[in-house]
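Numbering-wise, the first sequence is residues 0 to 494 according to numbering that gives the first Met the number 0. Even glycine gets a Cβ: it sits at the ideal position worked out from N, Cα and C. Everything below concerns the one structure shown next.
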Amino acid sequence: MMDYNRAVRVRAAPAPSGSLHVGNVRTFLYNWLFARHTGGTFVLRIEDTDVSRFTEEAYRAVLEDLRWLGLDWDEGPEVGGAHEPYRQSERRQFYLEAAGRLVGGGKAYRCYCTAGELKQRREQAQAERRKPGYDGRCRRLTQEQVAAFEQEGRSYAVRFQVPDEGVLDYEDLVVGKIATHLDQIDDFAIVRSDGAPLYHLAVVVDDGLMEINHVIRGDDLMSNTPKQILLHEALGNAVPAFGHLPQVLGPDRKPLSKRHGSTSITDFRAGGYLPGALINFLALLGWGTSDDTLLSRDELVDRFEVRDVHSSPAMFDTKKLDWMNGEYIRMLDDCELAELTQPFLAAEGLIDQPPSAVQAQNVQHAAPLIKTRMRRLSEAPGLVGGLFTRPEIDPAAAEKVLSVEHVPELLRRASVGLAEIEPWGKEQVEAALRAIAEEMGLKPRKAFGPLYVAVSGTTVSAPVFDLIALIGRQESLERLAIAEQLSRELSGAVT
RNA sequence: GCCCCCAUCGACCAGCGGCCUAGGUCGCCACCCUUUCAAGGUGGAAACACGGGUUCGAAUCCCGUUGGGGGCACCA
């Protein structure tokens with residue numbers, strides 16, 4: 000079927016506009032999987048030709064995101080390679096040289112139309128229901144007209160001359176056979192009138208120079224492909240194979256974008272997602288096998304085939320990601336989980352950064368208690384916050400649980416019971432409290448609910464016997480006292 | 001307006017002409033377990049967009065319709 004006798008060379012080509020968007024990450028991931036699966040080379044190239052739009056900070060964010068995700072590149076910024084540099088802003092000479100060759104060879108020409116003229120003609124064309132692209136007028140300029148423009152010092156852009164008719168077709172790696180009528184494509188600009196090389200030129204020159212032989216990218220770029228094939232041919236490059244990935248959709252079935260909320264890697268990281276889970280999830284968006292859904296990086300690499308990638312768009316389903324992230328959290332051992340949880344506790348001010356020895360110890364104890372209860376690391380503070388600081392009692396929980404008639408009595412007895420325990424430990428705490436529940440003839444649910452509120456401030460948290468044991472006798476008794484007081488007020492008022 | 005792409009449960013994936021009374025996973029519902037909440041276990045509801053062909057036979061191939069998306073820049 001598909002023949003990879005050439006060593007595969009693919010690239011990720013982000014425009015550095017800050018933390019990466021998950022949609023782009025999926026594209027990069029597929030390239031990466033393809034390279035790793037075939038033993039090929041994964042190149043990272045930064046597409047920052049439009050210098051005014053991009054910052055150094057955004058550039059670093061991109062590298063940082065890729066590293067966090069574990070998508071390592073074989074050639075590119077900071078690792079080097081045979082085709083340096085890997086930032087387009089530093090490769091201008093190559094583009095200009097290529098543009099010169101194209102003009103010299105009669106494959107491209109100077110266009111003296113101004114932005115204003117172009118805009119006006121475009122609008123007129125649209126008004127007349129004609130296609131809005133460039134009309135090719137500067138192609139037919141006479142010697143005299145050119146001389147006149149040059150005389151008045153008018154600046155020019157460089158346009159690629161596209162054949163007026165004919166059909167260009169290619170076999171798309173994921174979509175299949177694609178045919179384009181060349182009359183649909185107008186003479187597109189490859190160098191701006193201020194001398195800045197444009198996207199199409201830069202991409203084609205770089206893909207040629209870097210010997211990229213498989214271009215896998217979003218299908219929003221699909222209609223660019225004929226243009227780029229034409230450019231490759233004009234430049235004498237080996238034309239790479241192209242594959243176009245469908246968009247990742249938001250819950251409203253529109254392409255996923257900022258307005259859907261958190262879509263950048265930074266957001267997911269801050270939201271408590273693990274890179275492995277995100278990778279696993281993204282890989283399955285548009286590609287998959289029937290049997291397994293939890294796939295390690297190696298398994299993904301092993302099974303991934305570009306030809307199995309879907310040509311239909313997929314929706315980004317946060318629910319499934321959350322579930323999967325929970326699965327990945329459960330695969331962590333307690334030490335790893337404690338380590339990963341620390342920043343989230345610190346962010347809530349529950350522990351110091353770095354944590355004190357006691358705090359670190361407590362986080363370690365907390366890990367097994369929260370492991371099965373979390374889908375995202377950011378949920379840790381809500382589950383075990385009470386371990387580090389005395390929580391506010393949630394009014395709703397108090398109203399619901401503490402206002403019940405038997406509760407003051409229950410909490411008082413619990414205090415007495417806990418005061419007498421010797422030695423202090425989880426088993427003893429549990430035994431004592433269960434004994435009290437039995438004495439009072441209370442079902443576990445009724446008996447322990449108020450304890451949760453007293454200790455955690457809410458009815459939802461890590462198991463309460465563990466919490467009490469970890470918090471210690473002194474602090475536990477104080478919290479019980481506070482809750483008992485509140486309970487007296489509430490139950491008195493209510494009944 | 002013109003060009004291009006897409007179409008299986010709510011979602012993701014399996015299905016490559018008979019094994020499909022359409023399978024798995026998430027989510028949802030119910031039950032079990034249970035100190036809350038989870039996790040775990042068991043079971044359940046839930047889809048081939050529509051219309052024509054081709055074929056002995058179509059979710060699978062072809063053509064239309066409808067619906068969705070993308071593109072038509074001196075952005076990338």
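Residue i: buried (16+ other C-beta within 10 angstroms of its C-beta) or exposed?
{"i": "residue 206", "result": "buried"}
{"i": "residue 358", "result": "buried"}
{"i": "residue 334", "result": "exposed"}
{"i": "residue 395", "result": "exposed"}
{"i": "residue 35", "result": "buried"}
{"i": "residue 388", "result": "exposed"}
{"i": "residue 76", "result": "buried"}
{"i": "residue 186", "result": "buried"}
{"i": "residue 47", "result": "buried"}
{"i": "residue 483", "result": "buried"}
{"i": "residue 233", "result": "buried"}
{"i": "residue 286", "result": "buried"}
{"i": "residue 489", "result": "buried"}
{"i": "residue 336", "result": "buried"}
{"i": "residue 456", "result": "buried"}
{"i": "residue 31", "result": "buried"}
{"i": "residue 115", "result": "exposed"}
{"i": "residue 18", "result": "buried"}
{"i": "residue 126", "result": "exposed"}
{"i": "residue 26", "result": "buried"}
{"i": "residue 293", "result": "exposed"}
{"i": "residue 539", "result": "No statement about residue 539 is possible, as the shown extent of the chain runs from 0 to 494 and does not include it."}
{"i": "residue 141", "result": "exposed"}
{"i": "residue 0", "result": "A caution first: residue 0 carries a pLDDT of 39, below 50, which makes its placement in the model unreliable, though a value can still be read off. Exposed is the call here."}
{"i": "residue 78", "result": "exposed"}
Relative to the C-alpha of residue i, which residue among the options is closest?
{"i": "residue 391", "options": "309, 338, 481, 257", "result": "481"}
{"i": "residue 386", "options": "365, 173, 264", "result": "365"}
{"i": "residue 278", "options": "149, 69, 12", "result": "69"}
{"i": "residue 23", "options": "284, 473, 379", "result": "284"}
{"i": "residue 300", "options": "37, 373, 14", "result": "37"}
{"i": "residue 317", "options": "291, 125, 131, 271", "result": "271"}
{"i": "residue 438", "options": "408, 347, 103", "result": "408"}
{"i": "residue 416", "options": "281, 346, 404, 430", "result": "430"}
{"i": "residue 348", "options": "121, 112, 428, 381", "result": "381"}
{"i": "residue 495", "options": "143, 155, 27, 65", "result": "An answer regarding residue 495 cannot be provided, because it is not within the stretch 0 to 494 covered by the chain."}
{"i": "residue 102", "options": "230, 193, 78, 214", "result": "230"}
{"i": "residue 16", "options": "29, 53, 398, 361", "result": "53"}
{"i": "residue 440", "options": "6, 405, 332, 78", "result": "405"}
{"i": "residue 309", "options": "245, 194, 136", "result": "245"}
{"i": "residue 305", "options": "171, 73, 139, 486", "result": "171"}
{"i": "residue 71", "options": "353, 351, 296", "result": "296"}
Take residue i and list the residues in its own chain whose beta-carbon comes closer than 6 angstroms to its own, dropping the five residues that flank it on each side.
{"i": "residue 497", "result": "Lying outside 0 to 494, the shown extent of the chain, residue 497 is not represented and no answer is given."}
{"i": "residue 219", "result": "none"}
{"i": "residue 96", "result": "none"}
{"i": "residue 201", "result": "48, 87, 94"}
{"i": "residue 446", "result": "436"}
{"i": "residue 280", "result": "320, 323"}
Apart from the five residues just before and just after residue i, which ones in its own chain have a Cβ nearer than 7 angstroms to its Cβ?
{"i": "residue 413", "result": "432, 435, 450, 479"}
{"i": "residue 225", "result": "167, 179, 184"}
{"i": "residue 368", "result": "383, 461, 462, 465"}
{"i": "residue 91", "result": "196"}
{"i": "residue 221", "result": "243"}
{"i": "residue 20", "result": "262, 263"}
Spell out the partners DSSP gives residue i in its beta bridges.
{"i": "residue 215", "result": "242"}
{"i": "residue 40", "result": "8"}
{"i": "residue 196", "result": "190"}
{"i": "residue 491", "result": "The partner list for residue 491 (beta bridge, DSSP) is empty, contrary to what the question assumes."}
{"i": "residue 110", "result": "156"}
{"i": "residue 356", "result": "In DSSP, residue 356 forms no bridge with anything."}
{"i": "residue 171", "result": "175"}
{"i": "residue 410", "result": "Partner(s): none; residue 410 has no beta bridge."}
{"i": "residue 166", "result": "180"}
{"i": "residue 45", "result": "86"}
{"i": "residue 99", "result": "None, per the DSSP bridge assignment."}
{"i": "residue 263", "result": "20"}
{"i": "residue 313", "result": "247"}
{"i": "residue 254", "result": "248"}
{"i": "residue 74", "result": "42"}
{"i": "residue 235", "result": "In DSSP, residue 235 forms no bridge with anything."}
{"i": "residue 79", "result": "75"}
Less than 8 angstroms between C-beta atoms, sequence neighbours within five positions excluded: which residues of the same chain meet that for residue i?
{"i": "residue 421", "result": "427"}
Give a yes or no on contact between the stretch 100-109 and the stretch 56-66, applying the rule of three or more CB pairs nearer than 8 angstroms. Note that the stretch 100-109 does not touch the stretch 56-66; fewer than 3 beta-carbon pairs, one per stretch, sit closer than 8 angstroms.
With a threshold of 8 angstroms, are at least 3 pairs of Cβ atoms found where one atom belongs to the stretch 134-150 and the other to the stretch 187-200? no
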